[in-house]
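Heads up, the final residue of the sequence shown is numbered 912 in my numbering, and it's a clean run with no missing numbers. Data first, discussion second: the structure below is written as structure tokens.
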Amino acid sequence: MQQLSASLKAEGKTIGFVPTMGYLHDGHLSLIKTAHAGAQVVVVSIYVNPAQFGPSEDLSNYPRDIERDQLLCRENGVDIIFYPDDGQMYPDAYATYVDVEGLTQHLCGATRPGHFRGVTTIVNKLFNIVQPDCAVFGQKDGQQALVIKKMVKDLHIPVQIIIAPTIREKNGLALSSRNKYLTPKQRKEASVLYKALQLGEHLILDKGELKASVIIDEISKLFQNKPDFTIDYITIVDTLKVQPIEHLSGEIMLALAIYVGKARLIDNIIIQVPRDQIPEIH
Ligand code: AMP
């Protein structure tokens with residue numbers, strides 16, 4: 631892959647890169663479309679990265695279907711699929727990891743210790759192998775998007791990061807490979823995740839509610855009396871340091887993670903809250 635990228639670049643071609651864990655859906659395909667718009671050659675990686683799964687998580691059950699993925703890539707004009715195996719990515723005595731501090735402390739970083747260390751390490755490795763000009767990630771994984779942008783900035787990685795919008799089902803449920811774990815009933819009911827985000831946005835922008843604790847309390851009520859749903863977190867953070875905030879101002883991310891049956895689903899929205907007025911000094 632490294633040699634192939636080097637020769638493409640020697641020919642003056644630009645490379646757009648979409649890292650994925652496979653089991654592709656329309657969310658991934660929209661990232662591929664964005665990559666096509668930004669570069670001449672599109673590379674998709676398919677790799678279920680063990681380093682980003684905790685010991686009790688769904689690594690061995692994670693849905694996989696490489697034949698279907700290949701077909702979808704072909705239909706969507708992907709030029710190259712990079713499909714490495716664990717022995718190539720993490721050979722014996724592998725020892726080097728990348729860690730973004732602070733931004734990985736809360737939200738999924740709190741529930742999934744080590745998750746982002748695995749993500750930033752693999753993305754770094756993939757960037758070094760594929761050498762893309764630009765790489766496309768989804769807003770669906772909002773904290774991941776912020777962490778990767780920070781890593782690229784801090785480490786001076788010469789890759790343009792593009793964040794593409796979340797693709798949803800008609801009922802609002804964000805597409806995810808993990809939706810496969812849901813029963814048809816749970817899938818229908820899981821539209822409540824997006825309704826919760828919309829409620830938060832409504833309270834902030836239409837009702838002028840700027841206290842995070844009040845908003846989170848209201849949103850939490852939507853998950854009461856739903857035996858299949860357990861809240862992992864519902865949190866509002868700033869998009870710079872990804873720290874929970876109580877008084878909302880500027881660009882914020884309302885994010886949630888909810889266990890639905892066997893699945894843990896995440897979703898988020900970014901909201902621009904009018905900045906606090908600075909009183910005029912006479
Ligand atoms: P995954 O295969 O789940 O690791 O996701 C690979 C990339 O696709 C990540 O950048 C995700 O944020 C993005 N992605 C996953 N689901 C969606 C979605 N529903 N809409 C947009 N992007 C998504």
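The beta carbon of each residue, even a glycine, is placed where N, CA and C say it ideally should be.
If you draw a straight line from the Cα of Gln761 to the Cα of Ser660, it is about 21 Å long. Membership of Ser635 in the alpha helix (DSSP H) is indicated by the continuous run Gln632 to Ala640. Placement of the Cβ of Ile864 at a distance of 6 Å or more from every heavy atom of the ligand AMP is found. In the DSSP assignment, Asn898 falls within the unbroken beta strand (DSSP E) covering Ala893 to Val903.
In the structure shown, His877 falls within a strand segment according to DSSP collapsed to helix, strand and coil. Using a Cβ-Cβ distance cut-off of 8 Å, the segment 664-684 and the segment 631-646 are in contact, since at least three pairs of beta carbons, one from each stretch, lie closer than that value. The alpha helix (DSSP H) runs of length 4 or more contained entirely in the segment 640-684 are, from start to end of the chain, 656-668. For Ala725, the closest of Pro714, Ile752 and Val708 by C-alpha to C-alpha distance is Ile752.
Rounded to the nearest angstrom, the gap between the Cα atoms of Gly838 and Val777 is 29 Å.
Judged by DSSP secondary structure, Gly768 falls within the beta strand (DSSP E) whose first and last residues are Cys764 to Gly768. Per DSSP, the continuous beta strand (DSSP E) segment holding Val867 begins and ends at Phe859 to Asp868. Around the beta-carbon of His877, fewer than 16 other beta-carbon atoms lie within 10 Å, marking it exposed.
Just measuring C-alpha positions, the residue of Ala765, Val822 and His786 sitting nearest Gln854 is Val822. Proximity of the beta carbon of Gly657 to the ligand AMP is indicated: a heavy atom of the ligand is located closer than 6 Å. In this structure, DSSP gives Arg817 a helical state, which the three-state scheme calls helix.
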